[in-house]
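Chains F and C, in that order, are what the protein sequence lines are.
Using numbering that gives the first Met the number 0, the letters of the first sequence map in sequence onto residues 0 to 193.
Using numbering that gives the first Met the number 0, the letters of the second sequence map in sequence onto residues 0 to 596.
For each residue, glycine too, the CB sits at the ideal point set by N, CA and C.
Keep in mind it's a predicted model, so treat the numbers as computed, not measured.
In what follows, a structure is listed as structure tokens, so that the remarks can point back to it.
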Amino acid sequence: MLKEIGTQLRLSILFVVVFTVLIGLIYPGISTLIGQTLFPRQAGGSLIEVNGKKVGSEIIGQPFDDAKYFWSRPSATSPYAYNAANSSGSNLGPTNPDFVNTVKGRVDALKKADPDNGAPVPMDLVTTSGSGLDPHISPAAAQYQVSRVAKVRSLSLTKVEELIAQNTDGRWLGFIGDPGVNVLKLNLALDSLK
Amino acid sequence: MTANQWMQIIAYFVVLLVLAIPLGSYMAKVYENKPFFLSKWFGWLEKLIYRVCGVKAKQEMDWKGYALAMLLFNIVGGLILYAMERLQASLPLNPAGQSAVPPDLAFNTAISFITNTNWQFYGGETTMSYFTQMAGLAVHNFLCAASGMATLMALIRGVIRKETKFLGNFWVDMTRGTLYILLPLSLSFTVILIQQGCPQTFANTATATLVQPTSYDQPVTNAQGAPVTGKDGKPQMTHVTVTEQPISLGPVASQEAIKMLGTNGGGYFNVNSAHPYENPTPFTDFLELLAILLIPAALCFTFGAMVKDSRQGWAILAAMFLLLAPMMYLCGQQEQSGNPLLNKLTVGAHGEALGDGNMEGKETRFGIAGSIIWASVTTAASNGSVNSMHDSFTPLGGLVPMWMIMLGEVSFGGVGSGLYGMLAFVILAVFVAGLMVGRTPEYLGKKIQTYEMKMASIMILIPPLLVLVCTAVAVATGGAGTNNPGAHGFSELLYAFDSQSNNNGSAFAGLSGNTLYDLMGGAAMWFGRFWLAIPVLAMAGSLAQKKVVPESAGTLPTHTVLFVVMLTSTVIIVGALTFFPALALGPIVEHLKMIHP
């Protein structure tokens with residue numbers, strides 16, 4: 000029995016080592032090689048450059064609370080919103096009084112920035128996303144902000160709506176997932192209008 | 000729920016079935032050691048591995064030999080992984096300069112990854128180096144999945160063989176499972192994931208200039224690091240402006256692929272598949288969802304093929320589906336209805352509009368449908384990855400993932416472990432039916448006797464025991480670390496030990512770890528995995544030695560609708576009776592308080 004344990008123990012060690020080389024080094028190595036060759040932009044994180052300067056990633060959100068920008072969803076990352084080196088959800092429960100009060104505060108802030116808007120505030124605009132890095136808001140949340148952004152930037156509603164449409168990612172095959180408006184790309188498009 | 004949400008659910012199950020059937024018969028070929036196209040191309044690699052390690056591929060093992068190899072392999076793997084975490088600061092590929100993982104956390108994490116649990120008391124991007132992620136954690140994502148399938152194969156051989164004590168060779172099963180099933184699937188999936196936007200790079204964290212700088216308040220600390228209080232008695236704050244966004248990167252796609260396929264679920268990033276870099280689009284979400292159930296569903300067909308009666312596989316698959324589908328509906332209905340406490344504010348359209356419903360902790364691109372399918376599927380299987388934060392679900396919406404885990408991870412369950420867990424329930428169901436008609440129970444021609452019943456009972460009783468004892472200890476010692484008050488805080492603790500004892504790995508993630516939870520959880524994961532795997536192998540050894548009893552008029556057919564209902568009820572009754580009091584104290588009381596504040 001002891002001899003058998005010895006044999007199997009030696010085998011176990013060799014097996015872990017061999018497979019660490021095969022699937023711990025060769026497999027990710029080959030994957031990286033394929034990724035960097037075929038899809039270098041995505042493999043590098045889909046980073047956006049404007050005038051040679053990195054301004055973010057196409058699929059990672061950024062915080063906005065200036066009236067001239069479309070606002071992103073609230074983010075629970077710490078110590079500041081949309082910290083992409085420390086993803087996190089709020090993990091607040093539905094009946095937690097802190098949670099309900101926080102949402103109330105967000106509703107008030109949105110209304111203060113746009114007092115004339117009587118439409119109900121879209122849910123996704125006052126709740127944090129799972130990752131804290133959600134690049135999207137729902138089309139309803141974009142629509143809610145159209146008049147404010149158009150007014151501050153002195154643009155026509157149609158122009159802003161056109162940009163929203165251009166920066167909306169639809170459902171896959173028309174029915175899988177939910178459509179979302181990419182906030183960073185939309186705001187960059189607004190800034191480049193001048 | 001909306002018509003679109005129903006369509007997404009139906010499309011999911013249809014595509015799953017279409018993919019699982021061919022994969023199931025392919026896997027039967029792999030484990031029956033028959034030649035097929037991949038073994039012709041990569042047979043040399045398989046033989047090379049045997050030669051380097053010294054595997055005698057022709058030599059079969061009895062159940063004790065098989066169990067010994069399986070245990071030693073997992074212990075060695077766990078120790079090496081522990082060492083890697085502790086030493087990561089001095090190992091290569093650590094551009095972000097992560098320091099050594101603390102001992103209790105490293106212990107918890109090592110056990111977590113060798114037991115296919117992938118419970119994470121840490122955030123990936125802030126704790127683990129690239130090397131630990133890919134050469135440690137991801138390696139065990141492959142190996143523990145292969146180990147689960149190997150154990151299942153020993154049990155299936157026990158059922159189909161007669162009057163022998165041999166169950167196959169553990170090392171051969173491990174090698175073939177990894178080489179011919181997990182690696183090719185993962186590599187193809189990786190390429191799709193990269194194309195869709197998952198990073199795959201060894202470059203360090205990127206830095207971007209924020210389009211609009213942001214700011215936050217930071218507490219002022221003195222030279223000793225203690226917070227400074229102002230004249231008004233409140234902690235003093237300074238205003239910090241942030242102009243740059245650090246963006247964590249890494250070899251994400253290759254790890255993401257196996258994390259989904261091997262029912263592992265351990266995220267590269269803290270927020271797992273909610274992170275846009277782990278799950279960038281609705282398309283990847285759909286594929287990752289398929290990957291969760293693909294192998295567990297396909298193994299039902301493998302089982303059918305190996306016992307030469309495909310109806311047996313269909314019956315088990317049907318029972319698994321019946322356990323899952325109604326719960327998925329409950330979750331969807333609750334999450335779409337939203338949180339009544341918020342609906343009082345002037346928020347949302349209070350209906351079925353896009354972006355409406357309980358969106359706290361959910362990503363826009365997945366919406367309610369993508370999030371609830373995931374929550375129920377990831378806990379039905381022992382995957383445990385998340386694409387939304389279960390902690391922020393409505394009380395009954397959050398009960399669903401908790402419940403799916405409580406069923407003992409047998410509705411699809413882990414790769415291999417789900418089906419062998421379900422077979423324990425099959426034996427229990429056959430036994431109960433046998434008692435009803437007063438005949439010796441049998442399954443697929445093998446008599447079920449005292450020994451098999453003892454082993455099946457151990458397998459069914461150990462997880463609830465672990466869950467309830469650990470939760471009770473956590474509560475009795477003060478229940479530290481919860482993120483929410485009241486019943487919801489209790490739910491966080493219950494979920495944590497439910498998830499670890501049943502090797503799921505998902506979480507009500509608000510709970511923060513401490514030394515007690517790390518150690519207790521580590522023990523729960525260990526016993527929850529191997530105190531089930533060893534009885535499985537013992538049962539396999541006993542079944543293999545039996546004669547085959549010819550089918551007679553008194554044999555209970557195990558492929559009928561009647562039997563499927565019987566099996567489903569057995570699983571639900573055992574699950575419900577054990578856990579109902581605990582559920583009443585957590586999600587159920589929270590739900591009542593929410594609707595009658």
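Distance between beta carbons of C:G504 and C:G383, contact taken as under 8 Å | Within the second sequence, numbered from 1, the residue matching residue 383 of chain C stands at position 384. Within the second sequence, numbered from 1, the residue matching residue 504 of chain C stands at position 505. About 3 Å separates the beta carbons of C:G383 and C:G504, which is inside the 8 Å limit, making them a contact pair.
Report, in whole angstroms, the separation of the C-beta atoms of C:A56 and C:V171, which I expect to be a contact under 8 Å.
-> Residue 56 of chain C sits at position 57 when you count from the first residue of the second sequence. Residue 171 of chain C sits at position 172 when you count from the first residue of the second sequence. Correct: roughly 5 Å between the Cβ atoms.
Taking the DSSP output, what are the residues bridged to C:P245?
-> Walking along the second sequence from the start, residue 245 of chain C turns up at place 246. Looking at the DSSP output, C:P245 bridges to C:T206.
Mind listing, in chain order, the continuous alpha helix (DSSP H) runs of no fewer than 4 residues lying wholly within the region 29-78 of chain C?
-> Considered as a whole, the region 29-78 of chain C harbours 36-52 as its complete alpha helix (DSSP H) runs of no fewer than 4 residues, in chain order.
Of the residues C:K161, C:G553 and C:K453, the one placed nearest C:W530, counting alpha carbons only = To locate residue 530 of chain C, count along the second sequence from 1; it is residue 531. C:W530 has its Cα closest to that of C:K453, out of C:K161, C:G553 and C:K453.
Using the Cα positions of C:M6 and F:A118, report the straight-line distance between them to the nearest angstrom.
-> Along the second sequence, read from residue 1 onward, the residue named residue 6 of chain C stands at position 7. Along the first sequence, read from residue 1 onward, the residue named residue 118 of chain F stands at position 119. Going from the Cα of C:M6 to the Cα of F:A118 covers about 30 Å.
In three-state DSSP terms, what is F:S11?
-> Here residue 11 of chain F refers to the residue found at position 12 of the first sequence. Three-state DSSP puts F:S11 in a helix.
Member of F:L37, F:K53 and F:G34 whose CA lies at the smallest distance from the CA of C:P245 = Here residue 245 of chain C refers to the residue found at position 246 when the second sequence is read from its first residue. By alpha-carbon distance to C:P245, the top candidate from F:L37, F:K53 and F:G34 is F:K53.
Would the beta-carbon of F:P134 fall within 7 Å of that of C:P198?
-> For the purposes of this step, residue 134 of chain F is taken as the residue at position 135 of the first sequence. For the purposes of this step, residue 198 of chain C is taken as the residue at position 199 of the second sequence. Going by beta carbons, F:P134 and C:P198 fall outside the 7 Å limit.
Within 10 angstroms of its Cβ, does F:D177 collect 16 or more other Cβ (buried), or is it exposed?
-> Here residue 177 of chain F refers to the residue found at position 178 when the first sequence is read from its first residue. The residue is buried, with at least 16 neighbouring Cβ atoms inside 10 Å.
Kindly indicate which three-state DSSP category C:D390 falls into: helix, strand or coil?
-> Taking the second sequence and counting its residues from 1, the one referred to as residue 390 of chain C is at position 391. Reduced to three states, the DSSP call for C:D390 is helix.
Should F:F63 go down as buried or exposed, given a rule of 16 or more other Cβ atoms within 10 Å for buried?
-> Looking up residue 63 of chain F in the first sequence gives position 64. F:F63 is buried by the Cβ-count criterion.
Going by alpha carbons, who is nearest to F:S128 out of C:G417, C:V138, C:Y419 and C:D355?
-> Position 129 of the first sequence holds residue 128 of chain F. Comparing Cα-Cα distances from F:S128 to each of C:G417, C:V138, C:Y419 and C:D355, the minimum goes to C:D355.
Endpoints, alpha helix (DSSP H) assigned at F:I33 = One-based indexing of the first sequence puts residue 33 of chain F at position 34. Its alpha helix (DSSP H) spans residues Y26 to L37.
DSSP state of F:K52, grouped into three classes?
-> Taking the first residue of the first sequence as 1, we reach residue 52 of chain F at position 53. Three-state DSSP puts F:K52 in a strand.
Close-in-space but distant-in-sequence residues of the same chain around C:L184 (CB under 7 Å, 5 per side omitted) | Position 185 of the second sequence, counting from 1, holds the residue named residue 184 of chain C. Answer for C:L184: L260, listed in chain order.
F:N181 lies in the beta strand (DSSP E); which residues open and close that run?
-> Within the first sequence, residue 181 of chain F is the residue found at index 182, counting from 1. G179 to N181 is the extent of the beta strand (DSSP E) around F:N181.
With a threshold of 16 other CB atoms inside 10 Å of the CB of C:W525, please say whether the residue is buried or exposed.
-> Locating residue 525 of chain C in the second sequence gives position 526, where the first residue counts as 1. Under this definition C:W525 is a buried residue.
Extent of the continuous alpha helix (DSSP H) run through F:Y143 = One-based indexing of the first sequence puts residue 143 of chain F at position 144. Counting along the chain, the alpha helix (DSSP H) containing F:Y143 begins and ends at P138 to R152.
Indicate whether at least one CB of chain F lies closer than 7 Å to the CB of C:H274.
-> Against the second sequence, residue 274 of chain C aligns to sequence position 275. Interface residue, yes.
Under a CB-based cut-off of 7 Å, is F:R170 close to chain C?
-> Here residue 170 of chain F is taken as the residue at index 171 of the first sequence, counted from 1. With a threshold of 7 Å between beta carbons, F:R170 makes contact with chain C.
Pairwise C-alpha distance: C:P440 and C:K307 | In the second sequence, residue 307 of chain C corresponds to position 308, counting from 1. In the second sequence, residue 440 of chain C corresponds to position 441, counting from 1. Rounded to the nearest angstrom, the two C-alpha atoms are 20 Å apart.
Would F:K52 count as contacting chain C if we go by Cβ distances under 7 Å?
-> The residue given as residue 52 of chain F occupies position 53 in the first sequence. Using a Cβ-Cβ cut-off of 7 Å, F:K52 counts as an interface residue toward chain C, since at least one Cβ of chain C sits closer than that to its own.
For F:D97, count neighbouring Cβ atoms within 10 angstroms of its own Cβ and tell me buried if that reaches 16, exposed if not.
-> If you number the first sequence from 1, residue 97 of chain F lands on position 98. Classification of F:D97: exposed, given that the 10 Å Cβ count is below 16.
DSSP on C:Q132, reduced to helix/strand/coil?
-> For the purposes of this step, residue 132 of chain C is identified with residue 133 of the second sequence, where counting begins at 1. In this structure, C:Q132 counts as helix in the three-state DSSP scheme.
Roughly how many angstroms lie between the CA atoms of C:N107 and C:N263, to the nearest whole one?
-> Within the second sequence, the letter at position 108 stands for residue 107 of chain C. Within the second sequence, the letter at position 264 stands for residue 263 of chain C. Each residue's Cα considered, the two are about 15 Å apart.
Under 7 Å, do C:G147 and C:G527 count as touching if we go by C-beta distance?
-> Position 148 of the second sequence, counting from 1, holds the residue named residue 147 of chain C. Position 528 of the second sequence, counting from 1, holds the residue named residue 527 of chain C. Against a cut-off of 7 Å, the Cβ pair of C:G527 and C:G147 comes out as no contact.
Is the Cβ of F:K67 closer than 7 Å to any Cβ of chain C?
-> By one-based count along the first sequence, residue 67 of chain F stands at place 68. Chain C contact via Cβ: absent.
Interface residues of chain C around F:A42 at Cβ under 7 Å?
-> As a working note, residue 42 of chain F is residue 43 in the first sequence. Going along chain C in sequence order, the residues near F:A42 (Cβ under 7 Å) are I193, P198, Q199 and T200.
Which residues in the same chain as C:H349 place their Cβ atom closer than 8 Å to its Cβ, once the five residues preceding and following it in sequence are excluded?
-> The residue labelled residue 349 of chain C in the question sits at position 350 within the second sequence. Reliability of the predicted coordinates at C:H349 is poor, the pLDDT of 47 falling under 50, and no value is obtained from them.
What separation, rounded to the nearest whole angstrom, lies between the Cα atoms of C:G23 and C:I294?
-> One-based indexing of the second sequence puts residue 23 of chain C at position 24. One-based indexing of the second sequence puts residue 294 of chain C at position 295. For C:G23 and C:I294, the distance between alpha carbons rounds to 8 Å.
Quick one, which residues of the region 378-395 of chain C are near chain F if we go by CB-CB under 8 Å, in chain order?
-> Residues V385, N386, S387, M388, D390, S391, F392, T393 and P394.
Helix, strand or coil for F:M0, going by three-state DSSP, please let me know.
-> If you number the first sequence from 1, residue 0 of chain F lands on position 1. The answer is coil: DSSP assigns F:M0 none of H, G, I, E or B.
Return the chain-ordered list of same chain residues with a C-beta closer than 8 Å to the C-beta of C:N203, the five sequence neighbours on each side being excluded.
-> By one-based count along the second sequence, residue 203 of chain C stands at place 204. So the qualifying residues of the chain are P94, A95 and L248.
Quick one: give me the first and last residue of the alpha helix (DSSP H) that C:K161 is part of.
-> Translated into positions along the second sequence, residue 161 of chain C becomes position 162. No alpha helix (DSSP H) holds C:K161; DSSP gives it neither H nor E.
Cα-Cα separation between C:I572 and C:V409, rounded to whole angstroms | Walking along the second sequence from the start, residue 572 of chain C turns up at place 573. Walking along the second sequence from the start, residue 409 of chain C turns up at place 410. C:V409 has its alpha-carbon roughly 14 Å from the corresponding atom of C:I572.
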